[in-house]
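Undergrad: Sharing a structure, written as structure tokens. Questions coming.
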Amino acid sequence: MEKLSDKSNPLARLGDTGLYILADLGRMALFLLYSLRGLFRRPFRFAELLKQIHFIGAGSFVVIFFTALSTGMVLGLQGYYSLHKFGAEGMLGSAVSLTLIMELGPVLTALMVAGRAGSAMCAEIGIMRISEQIDALECMAIDPFRFLISPKFLAAIISIPLLTGLFDVIGIAGGYISGVTLMGVNPGSYIEGMRSSVTNHDIQLGVIKSFVFALLVVWICTGRGYFVREIRSAGFGAESVSKVTTQAVVLSSISVLIFDYLITAILL
Amino acid sequence: MSDAAVEFCRVSKAFVARDGQVQVVLDQVNFAIPAGKTTVIAGGSGQGKSVTLKLILGLLQADDGRIKVGGVDVTRIRGTGLEELRTRFGVLFQGAALFDSMSVYDNVALPLRERTKNSEAAIAELVMDTLVKLDLEGHEEKFPAQLSGGMRKRVGLARALQLEPEIMLFDEPTTGLDPVMTHEIYELFAKMQEKLGYTAIIVSHDIPHVFNLAEQVIILNNGKMDIFASPDEIQWSKQPHIQEFVRKTMGEIYQSHLVE
């Protein structure tokens with residue numbers, strides 16, 4: 001056996017790490033390409049798509065409901081407290097709705113789905129990889145992307161924007177409960193403030209974000225699971241799946257936050 | 269068409285470990301696996317037995333050389349060409365690699381549902397026929413977690429046989445099974461091969477048992493291969509590493525088998 005590079009040399013270590021990161025980025029880019037291509041390959045797995053929509057979408061409803069309600073109620077209280085100082089409580093509907101539609105709705109929905117469904121997807125794919133189930137699919141000449149990954153992609157791209165819409169509606173209702181019902185803001189001004197300030201552009205921004213975040217979450221979570229054997233820091237066996245699952249949630253959450261800033265900066 | 273089901277021509281494969289070590293697993297190896305026969309690939313741990321199977325299937329790419337399956341060069345095809353080639357194979361994995369979330373029936377039906385245009389009724393008939401042949405009738409609704417090790421292997425074999433493969437690959441097929449079950453599984457392999465006439469390539473540590481089936485033996489050692497036309501030839505080898513292999517893996521069991 002020979003050594004490919006001298007690991008005691010810091011420059012060699014840096015180069016080795018750089019090559020590893022490049023290879024990882026390349027793998028992930030190809031993974032995205034094959035997963036999107038899998039959407040157009042036949043036979044289409046409609047039942048699997050429905051199952052995944054149920055898992056990612058319907059299954060995340062409870063966590064989305066409580067997160068949205070508490071976020072909306074807190075926004076209502078905080079907004080009232082700040083606006084009251086300037087005698088501008090009438091703007092509460094506008095502040096709550098814009099914050100939720102453009103920012104908190106897409107971001108918190110994506111983070112919640114990454115934590116609940118993304119981690120499960122990563123672990124499922126990772127276990128299938130280490131137990132050779134994905135190898136078995138390839139040996140049976142079944143494209144693992146079309147069979148396993150693409151339905152998850154499509155389900156996430158359908159479910160997460162819908163969950164974001166629900167988050168926005170529930171959050172705005174939460175703001176109404178705390179601002180109007182508890183703090184006494186005029187209900188007409190809450191609704192009218194919202195109606196007059198929210199434009200199509202604001203809604204488009206929220207929708208674009210939710211689609212991008214959906215793609216990021218499902219891409220990173222399934223991709224990390226798929227490449228569980230190639231990830232250096234993961235180790236081996238069951239431990240590797242637990243480590244890549246944690247890594248997938250952290251990476252997808254950070255990516256969502258970074259892309260949130262980038263999309264806002266470009267489109268606002 | 270050549271008589272060889274699989275041919276390796278000057279094939280090399282090396283891996284770079286996470287610590288940067290380069291391990292040469294196959295070094296310019298040449299061999300041919302005759303069609304319709306049983307070939308056993310043996311050797312110590314980490315000698316590249318499973319790598320050889322993955323190279324045949326195109327799951328790994330060779331660093332150098334050509335691998336031909338029925339005259340088709342695996343190293344030069346990709347995408348749908350490779351997918352089509354893989355329909356010629358059936359693979360029984362070490363852990364059977366059954367889909368945990370599917371029942372026995374769905375596991376066995378999967379290749380037919382995905383790779384054929386058969387109706388569900390026709391698929392049901394084929395699946396039940398195979399399950400009966402492999403003594404799995406009555407277990408079709410069970411999930412892999414509810415099966416014993418031997419049953420899992422039989423379900424894996426049933427699934428692998430669904431597309432009537434020309435070549436069956438067995439990767440450590442009896443690991444984790446007791447001697448009685450191991451004997452039963454090998455008897456089943458022999459019976460199925462006689463019925464279906466496929467080429468069998470068996471990677472195994474279970475030398476005394478598997479040599480009873482072998483018509484050709486390949487022993488891997490430090491990136492090189494030694495090929496023997498029959499298991500009996502091995503004991504006459506003058507090479508020290510083969511003699512060591514015979515002593516360690518076959519010992520008295522094989523000697524007594526020869527005496528018989």
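Heads up: the sequence lines are chains A and B, in that order. Going by our numbering, the letters in the first sequence line up with residues 1 to 268, in that order. Going by our numbering, the letters in the second sequence line up with residues 269 to 528, in that order. A virtual CB, placed ideally from N, CA and C, is assigned to each residue, including glycine.
Measure the Cβ-Cβ separation of residue 76 of chain A and residue 178 of chain A and say whether it is below 8 angstroms.
TA: Start at 1 with the first residue of the first sequence, and residue 76 of chain A comes out as number 76. Start at 1 with the first residue of the first sequence, and residue 178 of chain A comes out as number 178. Result yes, Cβ atoms of residue 76 of chain A and residue 178 of chain A sit closer than 8 angstroms.
Undergrad: Would the beta-carbon of residue 481 of chain B fall within 8 angstroms of that of residue 316 of chain B?
TA: Residue numbering aside, residue 481 of chain B sits at position 213 when the second sequence is read from its first letter. Residue numbering aside, residue 316 of chain B sits at position 48 when the second sequence is read from its first letter. Taking 8 angstroms as the Cβ cut-off, residue 481 of chain B and residue 316 of chain B do not qualify as a contacting pair.
Undergrad: Exposed or buried, residue 504 of chain B, counting other C-beta atoms within 10 Å across all chains shown (16 or more means buried)?
TA: Counting from one through the second sequence, the residue named residue 504 of chain B turns up at place 236. Label assigned to residue 504 of chain B: exposed.
Undergrad: So if DSSP puts residue 280 of chain B in a beta bridge, which residue, or which two residues, is it bridged to?
TA: Locating residue 280 of chain B in the second sequence gives position 12, where the first residue counts as 1. Bridge partners of residue 280 of chain B: B:332.
Undergrad: I'd like to know if residue 210 of chain A contacts chain B, where contact means its C-beta is closer than 8 angstroms to some C-beta of that chain.
TA: Position 210 of the first sequence holds residue 210 of chain A. Output row for residue 210 of chain A: interface = no.
Undergrad: Compute the Euclidean distance between the alpha carbons of residue 95 of chain A and residue 79 of chain A, then round it to the nearest angstrom.
TA: Taking the first sequence and counting its residues from 1, the one referred to as residue 95 of chain A is at position 95. Taking the first sequence and counting its residues from 1, the one referred to as residue 79 of chain A is at position 79. Spanning the two alpha carbons is a distance of roughly 7 angstroms.
Undergrad: Hey, is residue 276 of chain B's beta-carbon within less than 8 angstroms of any beta-carbon in chain A?
TA: Sequence index remark: in the second sequence, residue 276 of chain B carries index 8 (1-based). No, residue 276 of chain B lies away from the interface with chain A (no Cβ there is under 8 angstroms from its Cβ).
Undergrad: Can we say the stretch 236 to 251 of chain A touches the stretch 137 to 154 of chain A, given the rule of at least three CB pairs closer than 8 angstroms?
TA: Touching, no.
Undergrad: By the three-class DSSP mapping on this structure, what secondary structure does residue 77 of chain A have?
TA: In the first sequence, counting from the first residue as 1, residue 77 of chain A sits at position 77. Correct three-state label for residue 77 of chain A: helix.
Undergrad: Nearest-angstrom Cα distance between residue 484 of chain B and residue 299 of chain B?
TA: To locate residue 484 of chain B, count along the second sequence from 1; it is residue 216. To locate residue 299 of chain B, count along the second sequence from 1; it is residue 31. One C-alpha to the other measures close to 11 angstroms.
Undergrad: Please report the straight-line C-alpha distance between residue 269 of chain B and residue 230 of chain A, rounded to a whole angstrom.
TA: Locating residue 269 of chain B in the second sequence gives position 1, counting from the first residue. Locating residue 230 of chain A in the first sequence gives position 230, counting from the first residue. With a pLDDT of 43 at residue 269 of chain B, under the threshold of 50, the modelled position of that residue is not reliable, and no figure is offered here.
Undergrad: Does chain A have any CB closer than 8 angstroms to the CB of residue 320 of chain B?
TA: For the purposes of this step, residue 320 of chain B is identified with residue 52 of the second sequence, where counting begins at 1. For residue 320 of chain B, the answer is no, since every Cβ of chain A falls outside 8 angstroms of its Cβ.
Undergrad: Could you give the C-beta distance for residue 226 of chain A and residue 125 of chain A, rounded to a whole number, given that I count them as a contact under 8 angstroms?
TA: Walking along the first sequence from the start, residue 226 of chain A turns up at place 226. Walking along the first sequence from the start, residue 125 of chain A turns up at place 125. Contact flag correct, Cβ pair sits at about 5 angstroms.
Undergrad: Spell out a yes or no on whether the stretch 289 to 303 of chain B and the stretch 228 to 243 of chain A are touching, meaning 3 or more CB-CB pairs, one atom from each, closer than 8 angstroms.
TA: no
Undergrad: Within 8 angstroms of any Cβ in chain B, is that where the Cβ of residue 247 of chain A sits?
TA: One-based indexing of the first sequence puts residue 247 of chain A at position 247. So, not an interface residue.
Undergrad: Determine the chain B residues that contact residue 139 of chain A at a beta-carbon separation under 9 angstroms, and present them in chain order.
TA: As a first step, residue 139 of chain A must be located in the first sequence, where it is residue number 139. What residue 139 of chain A touches in chain B: 325, 327, 354, 357, 358, 359, 361, 365, 428 and 437.
Undergrad: Would you list, in chain order, the members of the stretch 114 to 139 of chain A that have their beta-carbon closer than 7 angstroms to a beta-carbon of chain B?
TA: Close to chain B, meaning a Cβ-Cβ distance shorter than 7 angstroms, are the following residues of the stretch 114 to 139 of chain A: 131, 132, 133, 135, 136, 138 and 139.
Undergrad: Taking CB distances under 8 angstroms as the criterion, tell me whether residue 281 of chain B reaches chain A.
TA: As a position in the second sequence, residue 281 of chain B is number 13, starting the count at 1. By this cut-off, residue 281 of chain B is not an interface position.
Undergrad: Please report the Cβ distance between residue 422 of chain B and residue 412 of chain B, rounded to the nearest whole angstrom; I am assuming they are in contact, meaning their Cβ atoms lie under 8 angstroms.
TA: Counting from 1 along the second sequence, the entry for residue 422 of chain B is found at position 154. Counting from 1 along the second sequence, the entry for residue 412 of chain B is found at position 144. That pair is no contact at about 12 angstroms.
Undergrad: Is there a Cβ from chain A that is less than 8 angstroms from the Cβ of residue 383 of chain B?
TA: Numbered from 1 along the second sequence, position 115 holds the residue referred to as residue 383 of chain B. Interface residue, yes.
Undergrad: DSSP state of residue 414 of chain B, grouped into three classes?
TA: Stepping through the second sequence from its first residue, residue 414 of chain B is reached at position 146. Here residue 414 of chain B sits in helix by DSSP.
Undergrad: Given that a residue counts as buried once 16 or more other Cβ atoms are within 10 Å of its Cβ, and exposed if not, what is residue 266 of chain A?
TA: The residue you call residue 266 of chain A lines up with position 266 of the first sequence. Answer is exposed; the Cβ neighbour count stays below 16.
Undergrad: When you compare the CB of residue 142 of chain A with every CB in chain B, is at least one pair closer than 8 angstroms?
TA: Locating residue 142 of chain A in the first sequence gives position 142, counting from the first residue. At least one chain B Cβ lies under 8 angstroms of residue 142 of chain A.
Undergrad: Which bits of chain A does residue 379 of chain B rub up against, with CB to CB less than 9 angstroms?
TA: Along the second sequence, one-based indexing puts residue 379 of chain B at 111. Going along chain A in sequence order, the residues near residue 379 of chain B (Cβ under 9 angstroms) are 140, 141 and 142.
Undergrad: Enumerate in chain order the residues of its own chain whose CB-to-CB distance from residue 45 of chain A is below 6 angstroms, with the five nearest sequence positions on each side excluded.
TA: In the first sequence, counting from the first residue as 1, residue 45 of chain A sits at position 45. Close CB contacts of residue 45 of chain A within its chain, under the 6 angstroms cut and outside five residues either way in sequence, are with 151 (chain order).
Undergrad: Taking a contact to mean a Cβ-Cβ separation below 8 angstroms, would you say residue 68 of chain A touches residue 235 of chain A in this structure?
TA: Here residue 68 of chain A refers to the residue found at position 68 of the first sequence. Here residue 235 of chain A refers to the residue found at position 235 of the first sequence. Taking 8 angstroms as the Cβ cut-off, residue 68 of chain A and residue 235 of chain A do not qualify as a contacting pair.
Undergrad: Expressed to the nearest angstrom, what Euclidean distance is found between the alpha-carbon atoms of residue 263 of chain A and residue 257 of chain A?
TA: What you label residue 263 of chain A is simply residue 263 of the first sequence in a count that begins at 1. What you label residue 257 of chain A is simply residue 257 of the first sequence in a count that begins at 1. Cα to Cα, the separation comes out at about 10 angstroms.
Undergrad: Can you tell me which of A:212, A:112 and A:204 puts its alpha carbon nearest to the alpha carbon of residue 63 of chain A?
TA: Position 63 of the first sequence holds residue 63 of chain A. Nearest of A:212, A:112 and A:204 to residue 63 of chain A, Cα basis: A:112.
Undergrad: Taking Cβ to Cβ, would you say residue 120 of chain A is nearer than 8 angstroms to residue 218 of chain A?
TA: Here the question's residue 120 of chain A lines up with position 120 in the first sequence. Here the question's residue 218 of chain A lines up with position 218 in the first sequence. No, the Cβ-Cβ distance between residue 120 of chain A and residue 218 of chain A is not below 8 angstroms.
Undergrad: Using CA coordinates, which residue listed in B:425, B:381, B:384 and B:417 is at the minimum distance from residue 399 of chain B?
TA: On the second sequence, position 131 is the one that residue 399 of chain B refers to. Distance from the Cα of residue 399 of chain B is smallest, within the candidate group B:425, B:381, B:384 and B:417, for B:425.
Undergrad: Output the distance between the C-alpha atoms of residue 277 of chain B and residue 332 of chain B, rounded to the nearest integer angstrom.
TA: Position 9 of the second sequence, counted from the start, is the residue given in the question as residue 277 of chain B. Position 64 of the second sequence, counted from the start, is the residue given in the question as residue 332 of chain B. The alpha-carbon atoms of residue 277 of chain B and residue 332 of chain B are separated by roughly 9 angstroms.
Undergrad: Decide if the stretch 467 to 482 of chain B is in contact with the stretch 391 to 398 of chain B; the criterion is three or more beta carbon pairs, one per stretch, under 8 angstroms apart.
TA: no
Undergrad: Is the stretch 332 to 352 of chain B touching the stretch 83 to 98 of chain A in the sense that three or more CB pairs, one from each, lie closer than 8 angstroms?
TA: no
Undergrad: What span of residues does the alpha helix (DSSP H) with residue 193 of chain A cover, start to end?
TA: Counting from 1 along the first sequence, the entry for residue 193 of chain A is found at position 193. Per DSSP, residue 193 of chain A belongs to the alpha helix (DSSP H) from 187 to 197.
Undergrad: Among the residues of its own chain, which have a CB less than 7 angstroms from the CB of residue 101 of chain A, if the five just before and after it don't count?
TA: By one-based count along the first sequence, residue 101 of chain A stands at place 101. Within the same chain, residue 101 of chain A has close Cβ partners 168, 198, 202, 203 and 206.
Undergrad: Compute the distance between the beta-carbons of residue 281 of chain B and residue 467 of chain B, then report whether it is under 8 angstroms.
TA: Indexing the second sequence from 1 puts residue 281 of chain B at position 13. Indexing the second sequence from 1 puts residue 467 of chain B at position 199. Cβ atoms of residue 281 of chain B and residue 467 of chain B: not closer than 8 angstroms.
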